[in-house]
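S.K.: Following this message is one structure expressed as structure tokens.
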Amino acid sequence: MTYRDIYDAWKADPEAFWLKAAEDIDWDRAPAKGWFDQGPVGEWFSDAMVNTCWNAVDRHVKAGRGDQPALIHDSPVTGSVQKITFSELRDRVARLAGALQAKGVVKGDRVIIYMPMVPEAIIAMLACARIGAIHSVVFGGFAARELAVRIDDATPRAIISASCGIEPGRIVSYKPLLDTAIDMATHKPEFCVILQREQEIAEMVPGRDFEWDSFQQDAVPADCLPVEGNHPVYILYTSGTTGKPKGVIRHSAGHLVALNWSMKNIYDIEAGDVYWAASDVGWVVGHSYICYAPLFAGATTIIFEGKPVGTPDAGTFWRVISEHKVKSFFTAPTAIRAVKREDPEGKLIGNYDLSALKAVFLAGERADPDTITWLEDKLNLPVLDHWWQTETGWSIAANPFGIEHLPVKKGSPSVAMPGYDVHILDDSGNETPTGTLGAIAIKLPLPPGALPNLWNAEARLHKAYFERFPGYYETGDAGYVDADGYLYIMARTDDVINVAGHRLSTGAMEEVLASHPAVAEAAVIGASDPLKGEVPLGFLCLKRGIEAPDEQITREVVAMVRDKIGPVAAFKTACVVERLPKTRSGKILRAIMAKVANGETVTAPATIDDPAILDEIAEALKKVGHIGQGDS
134 MTYRDIYDAW KADPEAFWLK AAEDIDWDRA PAKGWFDQGP VGEWFSDAMV
184 NTCWNAVDRH VKAGRGDQPA LIHDSPVTGS VQKITFSELR DRVARLAGAL
234 QAKGVVKGDR VIIYMPMVPE AIIAMLACAR IGAIHSVVFG GFAARELAVR
284 IDDATPRAII SASCGIEPGR IVSYKPLLDT AIDMATHKPE FCVILQREQE
334 IAEMVPGRDF EWDSFQQDAV PADCLPVEGN HPVYILYTSG TTGKPKGVIR
384 HSAGHLVALN WSMKNIYDIE AGDVYWAASD VGWVVGHSYI CYAPLFAGAT
434 TIIFEGKPVG TPDAGTFWRV ISEHKVKSFF TAPTAIRAVK REDPEGKLIG
484 NYDLSALKAV FLAGERADPD TITWLEDKLN LPVLDHWWQT ETGWSIAANP
534 FGIEHLPVKK GSPSVAMPGY DVHILDDSGN ETPTGTLGAI AIKLPLPPGA
584 LPNLWNAEAR LHKAYFERFP GYYETGDAGY VDADGYLYIM ARTDDVINVA
634 GHRLSTGAME EVLASHPAVA EAAVIGASDP LKGEVPLGFL CLKRGIEAPD
684 EQITREVVAM VRDKIGPVAA FKTACVVERL PKTRSGKILR AIMAKVANGE
734 TVTAPATIDD PAILDEIAEA LKKVGHIGQG DS
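Heads up: the sequence shown runs through residues 134 to 765, numbered per our numbering.
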């Protein structure tokens with residue numbers, strides 16, 4: 134069947150489509166129906182009984198593949214590689230789950246996991262799922278204040294953490310951050326389990342803290358506990374969370390069915406294949422495509438503790454793919470841009486055998502055409518953008534590589550996946566004409582795997598996602614659909630700028646800037662202007678070894694935007710910077726940059742990778758005369 138056949142089959146009978154997909158899951162009690170009109174926005178497979186951990190681990194051992202590697206931990210920062218088979222994973226997960234049960238953790242209890250990229254992070258997630266506990270992973274090394282906010286919102290019975298994380302050239306002490314967060318929080322966990330890493334041994338709090346191995350020493354392994362289909366498997370706080378947290382809930386059954394379907398149909402991954410998502414377990418990609426989906430499919434998943442550059446060089450991605458025979462690789466465009474900046478000619482790629490690799494998938498930030506073209510040219514493989522969100526848990530739009538390899542249109546994540554009825558709406562909620570920029574919205578109901586609610590925040594759920602366009606989920610992204618049904622994500626809705634009454638996409642301008650041969654990465658923001666309302670400002674990160682003066686490059690990109698988008702863009706100013714402010718997940722913080730440009734008082738968000746970058750942005754803006762008088 135073609136993509137169109139499959140999408141049309143879903144649209145004709147969504148419930149039958151997803152019930153058919155559900156046949157690939159091991160159920161304790163199979164769902165009798167798919168869609169339930171209950172809860173804030175509906176639920177999937179609520180009548181079923183199932184266990185997430187069984188489907189990720191035990192069923193593969195039962196099927197005779199216990200000796201296959203389930204996890205490969207590749208850690209260039211420690212110089213080690215560890216492989217854990219499905220049998221070993223089952224035993225380690227069951228033992229930790231049994232130890233948690235012995236300390237009183239029961240179905241419905243929350244457990245916060247605050248860990249680096251180590252196998253124990255995945256083991257902790259699966260151990261919670263095994264006994265019906267609800268895990269909430271917080272990015273390792275997150276600020277104590279932000280961790281405390283999440284502790285108070287999730288009210289965990291336990292916290293599982295590590296003594297430290299390891300970054301290139303430095304140790305990040307987790308335990309002092311955890312201790313401070315617990316002191317700050319109103320809610321206090323009953324106990325903490327700490328993985329002591331040899332790079333730094335943490336000081337333990339007597340009576341509260343337990344060392345990872347000794348905690349489990351006498352544990353009786355726990356069996357998988359069946360839970361209702363609408364029982365939460367986890368809470369994940371969105372990366373943009375500030376102030377009151379926004380915890381996305383994922384229901385067990387829909388999560389299983391959607392992610393399992395996605396592995397074969399989007400990524401072309403089946404049992405025995407090796408899959409690598411180069412992200413972190415603290416983000417949704419880490420939940421969906423490091424931990425759960427590959428294991429549901431019976432694939433080997435890679436846990437990478439390193440960086441795209443600097444551990445030790447810009448060839449580390451290709452080394453991992455070569456050594457472990459990765460078939461499908463998923464990373465963020467920002468990571469590829471970092472590699473491209475350090476190795477513009479792609480010379481390091483030639484050092485490795487990439488014959489096992491069939492495709493590269495990009496998500497997290499808009500994949501500009503220049504980045505895709507560069508990677509296609511260097512790898513001679515399909516490079517496929519796809520688009521989804523923390524809230525959806527899997528792809529809204531993708532090139533369904535496991536069904537058919539659709540023609541690639543650079544700048545587009547391709548077409549809507551089954552489950553997603555995508556519409557482009559104007560400010561009044563009316564459909565826009567083909568090719569016209571508008572708000573991207575998804576007609577309800579959402580598919581399995583998408584958020585059914587927010588933790589402790591149902592009113593906020595409606596305000597954030599369903600209030601503006603009744604009957605639709607508001608994605609917060611702006612874009613358009615072309616005549617072939619291909620979707621283009623041009624900016625966050627907040628990043629669409631209004632220049633003298635013209636609504637313009639920052640993404641379209643960034644696309645032009647990134648096409649300049651000297652530019653490795655670019656960002657465009659809207660700055661306040663007394664005449665035009667807003668004017669665009671460009672930021673350029675240059676490739677290594679560029680000899681042309683900065684002034685020449687900025688003149689050239691200004692001319693390029695005028696030529697390709699037109700004078701209406703009023704694009705007149707660009708400045709060269711060493712780096713762009715980003716979240717730890719790689720998203721460029723354009724709204725914060727705009728505040729700096731407008732002279733507003735800026736507080737560095739907890740998600741920022743390095744707050745010092747904001748001072749660098751301010752200095753660059755002062756040089757071109759485009760910063761207000763506020764504090765930055």
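All residues carry an ideal CB built from backbone N, CA and C; glycine is no exception. Owing to the predicted nature of the structure, the values given are computational and were not obtained by experimental measurement.
Please list the terminal residues of the continuous beta strand (DSSP E) segment that includes Val194.
M.R.: Run containing Val194: none in the beta strand (DSSP E); it sits in the alpha helix (DSSP H), 192-195.
S.K.: Which residue spans inside the stretch 489-553 form an unbroken alpha helix (DSSP H) run of at least 4?
M.R.: List check, alpha helix (DSSP H) in window: 502-512.
S.K.: Under a three-way DSSP split, which group does Cys297 fall into?
M.R.: Strand at Cys297.
S.K.: Have a look at Met248, Val226, Ile255 and flag the residue whose alpha-carbon is nearest the alpha-carbon of Lys308.
M.R.: Here the closest residue by C-alpha is Met248.
S.K.: Is the distance from the Cβ of Val694 to the Cβ of Met642 below 7 Å?
M.R.: Taking 7 Å as the Cβ cut-off, Val694 and Met642 qualify as a contacting pair.
S.K.: Measure the Cβ-Cβ separation of Val668 and Ala703 and say whether it is below 7 Å.
M.R.: Yes, they are a contact pair.
S.K.: Mapping the DSSP letters down to three states, classify Arg341 as helix, strand or coil.
M.R.: Coil.
S.K.: Considering just the uninterrupted stretch of the alpha helix (DSSP H) at Asp683, what are its terminal residues?
M.R.: From DSSP, the alpha helix (DSSP H) with Asp683 extends over 683-697.
S.K.: Please tell me whether Gly405 and His193 are closer than 7 Å, where the distance is taken between their beta carbons.
M.R.: No; because the gap between Cβ atoms is not below 7 Å, this pair is not in contact.
S.K.: Measuring only the C-alpha atoms, how far is Asp764 from Glu752?
M.R.: Confidence in Asp764 is poor, its pLDDT being 35 and thus under 50, which makes the residue's placement too unreliable to answer from.
S.K.: Quick one: is Ala411 buried, meaning 16 or more other Cβ sit within 10 Å of its Cβ, or exposed?
M.R.: Ala411 is buried by the Cβ-count criterion.
S.K.: Would you grab the beta carbon distance between Ile435 and Met250 for me? Rounded to a whole angstrom, and I think it's under 8 Å.
M.R.: About 10 Å; that fails the 8 Å criterion.
S.K.: How many Å lie between Pro566 and Gly544 at the Cα?
M.R.: Approximately 19 Å, taken between the alpha carbons.
S.K.: With DSSP as the reference, please indicate the residues paired to Gly380 in a beta bridge.
M.R.: Gly380 pairs with Tyr370.
S.K.: Got a sec, what are the start and stop residues for the alpha helix (DSSP H) Arg278 sits in?
M.R.: Run containing Arg278: 277-287, per the alpha helix (DSSP H) assignment.
S.K.: If we require 3 or more residues per run, which beta strand (DSSP E) segments fall completely within the stretch 201-255?
M.R.: 202-208, 213-218, 243-247, all fully within the stretch 201-255.
S.K.: Give the C-beta separation of Val442 and Ala489 to the nearest angstrom, bearing in mind that I take them to be a contact with Cβ-Cβ under 8 Å.
M.R.: The pair is not a contact, with the Cβ atoms about 23 Å apart (cut-off 8 Å).
S.K.: Of all the beta strand (DSSP E) runs that stay within the bounds of the stretch 439-466, which reach a length of 3 or more residues?
M.R.: Counting whole runs of 3 or more residues, the stretch 439-466 contains the beta strand (DSSP E) stretches 461-464.
S.K.: If you drop the 5 nearest sequence neighbours on each side, which residues of the same chain put their C-beta closer than 7 Å to that of Glu221?
M.R.: Excluding residues within five positions, none has a Cβ falling inside 7 Å.
S.K.: Taking just the CA atoms, how far does Trp409 sit from Ser461?
M.R.: In a straight line, the C-alpha of Ser461 is about 6 Å away from that of Trp409.
S.K.: Cβ atoms of Thr444 and Pro252: under 7 Å apart, would you say?
M.R.: Not closer than 7 Å, so no.
S.K.: Using DSSP's beta-bridge definition, name the partner residues of Ile621.
M.R.: Residue identity check: residue 621 is Tyr in the sequence provided, not Ile. Its beta-bridge partners are Tyr613.
S.K.: Going by Cα to Cα distance, which pick from Val710, Ile284, Phe272, Glu600 is closest to Asn589?
M.R.: Minimum Cα distance to Asn589 is reached at Ile284.
S.K.: Short of 6 Å in beta carbon distance, which residues of its chain neighbour Phe169, apart from the five on each side in sequence? Order them along the chain.
M.R.: For Phe169, where only same-chain residues beyond five positions count, the Cβ hits under 6 Å are Glu176, Ser179.
S.K.: List the endpoints of the continuous alpha helix (DSSP H) containing Gly640.
M.R.: 639-647 is the extent of the alpha helix (DSSP H) around Gly640.
S.K.: Quick one: using the 10 Å Cβ neighbour count with 16 as the cut-off for buried, is Lys697 buried or exposed?
M.R.: By the 10 Å Cβ count, Lys697 comes out exposed.
S.K.: Would you mind sorting Gly552 into buried or exposed? The rule is 16 or more other CB atoms within 10 Å of its CB.
M.R.: By the neighbour-count rule (16 or more Cβ atoms within 10 Å), Gly552 is buried.
S.K.: Going by C-alpha distance, which of Arg225, Gly362, Gly439, Gly167 is nearest Asn184?
M.R.: Closest by alpha carbon: Gly362.
S.K.: Count the other CB atoms, across all protein chains shown, that sit within 10 Å of the CB of Thr374; report buried if there are 16 or more and exposed otherwise.
M.R.: With a pLDDT of 41 at Thr374, under the threshold of 50, the modelled position of that residue is not reliable, and no figure is offered here.
S.K.: Return the CA-CA distance between Pro581 and Gly571, expressed in angstroms with no decimal places.
M.R.: Looking at the two C-alpha atoms, the distance is approximately 26 Å.
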